[in-house]
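S.K.:
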Amino acid sequence: MAYLHACSGKGMKSELDFFTLPLTQTSIESSAYLYYKPISSLSDDGDSPLEFLIPSSTDHYIDLAHTMLHLTVQILPASDTPSENLKVGPSYAAPAMRSHLTSALWSIDTDDAMDAAPNLDRKADGANQGLINRLFFTAGGKAVNMIGHLHCDVFNQPKFLINGVDVRVRLVRSKDAFCLMDWSDNGKFSVRIKEATMIVRPAKISPGILLAHANALAKTTAKYPLTRAEVKSFTLHSGILGDTLDNVILGQLPKRIILGFVKNKAFNGNRKLNPFNFQHFNINFISLYVDSVQVPKFDNVLEIDSNRQIITDFNS
């Protein structure tokens, strides 16, 4: 069996440990959530990023996995006067369970109505239920409170950040044309951030652990294995029958590849198109090669019709 790393040691599954009792946690003495305001101004200009600074501490580590962002936002027209029409709604979406992402205003879209204009009749044909759900929270310029985790590699790993390290977070906003779907006549609606707070969980570490870590850091470095998620975009011109993308991935090979095809206008930001409306586009064959060797499980015929079984395509 191959090791994950050359310096990795042997381990045993907990299911095979029959002769010891569970350990008592004494390393963390206490923890509490602290609230940090942005060091940058909350400008109405959508190009202004949000910046937060989390100062370091001597006896506290930062629990990065429990860092959250709290926002209070409004959807307003250019005149800053709340509008009562119901033609504008946020098009946020995320592949996660609805149990916790609803606090970030996530609601699943109707798969065959992703680009449909909002219809207040939820039972009407062609209505996007997810867009309607988000619409009622934001209609009339109402301020909406949202909270959610930061979807970033370093915040998706379980290890604490050691003491003595400042954390600076810079969040760059997407264009209003990307995050809003707008069927109004003027098309001048925008997202205004009224309040932003970074919620951080520092943990007070026992003196013995702090001393042991300090002695270890004098001899080696702290290790933070990250599962990186990278997004790469490529343009496929319309009207062509096939295309080949060379050198898509250089260096370390990924353990998983997820492909999605979306309209170029929606990807670049279009107020009448949903940027998460991934479509088939009549693609009937995809093949993946690694070092000129074809990956067998990725050799799939994707042509979908009433006579074809497609379960193997979804299981690839």
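For the sequence shown, this note's numbering begins at 16 and goes up steadily by one.
Here a beta-carbon is modelled for each residue, glycine too, at the ideal position from N, C-alpha and C.
Predicted, not measured: the structure shown is a model, and the values here were computed from it.
Count the other C-beta atoms from every protein chain shown that fall within 10 angstroms of the C-beta of Met-27, then say buried if there are 16 or more, exposed otherwise.
M.R.: That one is exposed.
S.K.: Quick one: what's His-85 bridged to in DSSP?
M.R.: DSSP, once it has assigned bridges, lists Ile-162 and Thr-212 as partnering His-85.
S.K.: Helix, strand or coil: how does DSSP classify Leu-225 here?
M.R.: DSSP places Leu-225 in helix when its eight states are reduced to three.
S.K.: Beta-carbon within less than 7 Å of Glu-99's beta-carbon, same chain only, minus the 5 sequence neighbours each way: which residues are those?
M.R.: Confidence at Glu-99 is low in this model, with a pLDDT of 45, below 50, so the placement of that residue should be treated as unreliable; the coordinate-derived value is given next. Only Gly-155 meet the Cβ criterion.
S.K.: What does the Cβ neighbour count give for Pro-217, buried or exposed, with the cut at 16 atoms within 10 Å?
M.R.: Burial call: buried.
S.K.: I think Phe-170 touches Thr-82, with their Cβ atoms under 8 Å apart; what is that distance to the nearest whole Å?
M.R.: Contact flag correct, Cβ pair sits at about 5 Å.
S.K.: What are the residues that DSSP puts in a beta bridge with Lys-28?
M.R.: According to DSSP, Lys-28 bridges with nothing at all.
S.K.: Beta-carbon within less than 6 Å of Glu-210's beta-carbon, same chain only, minus the 5 sequence neighbours each way: which residues are those?
M.R.: Only Thr-87 meet the Cβ criterion.
S.K.: Do Asp-181 and Ser-307 count as a contact pair if the criterion is CB distance below 8 Å?
M.R.: Not a contact, by the Cβ cut-off of 8 Å.
S.K.: Taking the beta strand (DSSP E) that Phe-204 belongs to, which residues open and close that run?
M.R.: Where Phe-204 is concerned, there is no enclosing beta strand (DSSP E), given that its DSSP letter is neither H nor E.
S.K.: Quick check on Pro-240: buried or exposed, where buried means 16 or more other Cβ atoms within 10 Å of its Cβ?
M.R.: Per the 10 Å Cβ criterion, exposed.
S.K.: Are the beta-carbon atoms belonging to Lys-174 and Glu-44 less than 8 Å from one another?
M.R.: Not closer than 8 Å, so no.
S.K.: Can you find the residues in the same chain that come closer than 6 Å, C-beta to C-beta, to Arg-183, ignoring five residues on each side of it along the sequence?
M.R.: Closer than 6 Å at the Cβ level, and outside the excluded window around Arg-183, lie Leu-68.
S.K.: For Ala-231, name the three-state secondary structure that DSSP assigns.
M.R.: DSSP places Ala-231 in helix when its eight states are reduced to three.
S.K.: By a C-beta neighbour count over all protein chains shown, 10 Å radius and 16 as the cutoff for buried, is Asp-74 buried or exposed?
M.R.: Classification of Asp-74: exposed, given that the 10 Å Cβ count is below 16.
S.K.: Note the first and the last residue of the continuous beta strand (DSSP E) segment covering Asp-191.
M.R.: Segment 191 to 194 is the alpha helix (DSSP H) holding Asp-191; no beta strand (DSSP E) there.
S.K.: When the Cα of Asp-168 is compared with those of Ser-205, Gly-223, Glu-245 and Gly-145, which residue comes out closest?
M.R.: Nearest option by C-alpha distance: Glu-245.
S.K.: Among the candidates Val-159, Thr-41 and Asp-126, whose CA atom is the shortest distance from the CA of His-85?
M.R.: Nearest of Val-159, Thr-41 and Asp-126 to His-85, Cα basis: Val-159.
S.K.: Just tell me which of Lys-203, Phe-300 and Gly-145 has its CA closest to the CA of Asp-127.
M.R.: Cα-wise, what sits closest to Asp-127 is Gly-145.
S.K.: Would you kindly work out how many angstroms separate the C-alpha atoms of Thr-41 and Ser-221, rounded to a whole number?
M.R.: Taking the straight line joining both Cα atoms gives about 7 Å.
S.K.: Between the Cα of Gly-254 and those of Met-196, Asn-297 and Lys-270, spot the shortest distance and give me the residue it belongs to.
M.R.: Here the closest residue by C-alpha is Asn-297.
S.K.: Mind checking which residues open and close the beta strand (DSSP E) that includes Phe-67?
M.R.: Note, Phe-67: beta strand (DSSP E), 65 to 69.
S.K.: With a CB to CB cut of under 6 Å and the five nearest residues on each side skipped, what residues in its chain are close to Ser-205?
M.R.: Closer than 6 Å at Cβ, skipping near neighbours: Asp-191.
S.K.: Roughly how far, in whole angstroms, is the beta-carbon of Ser-124 from the beta-carbon of Asn-289, given that I think they are within contact range, below 8 Å?
M.R.: Strictly speaking, residue 124 in this sequence is Asp, with Ser absent from that position. Yes, Asp-124 and Asn-289 are in contact; Cβ-Cβ is about 7 Å, under 8 Å.
S.K.: Tell me where the alpha helix (DSSP H) around Ile-298 begins and ends.
M.R.: Per DSSP, Ile-298 belongs to no alpha helix (DSSP H) and is neither H nor E.
S.K.: Give me the Cα-Cα distance between Lys-203 and Ile-90, rounded to the nearest whole angstrom.
M.R.: About 10 Å.
S.K.: What's the call for Ser-122, buried or exposed, on a 16-neighbour Cβ count within 10 Å?
M.R.: Buried, by the Cβ-count rule.
S.K.: Under three-state DSSP, which class holds Arg-7?
M.R.: With the chain covering 16 to 331 only, the question about residue 7 has no answer from this structure.
S.K.: Which residue comes first and which comes last in the beta strand (DSSP E) that contains Leu-49?
M.R.: It spans 49 to 51 - the beta strand (DSSP E) in which Leu-49 sits, taken as one unbroken run.
S.K.: Can you name, in chain order, every residue of its own chain whose Cβ lies under 8 Å from the Cβ of Ser-55, other than the five neighbours on each side?
M.R.: Cβ within range, chain order: Ser-63, Pro-64, Leu-65 and Glu-66.
S.K.: So Tyr-18 packs on Thr-212, CB below 8 Å; how close in whole Å?
M.R.: So it is not a contact: roughly 43 Å between Cβ atoms.
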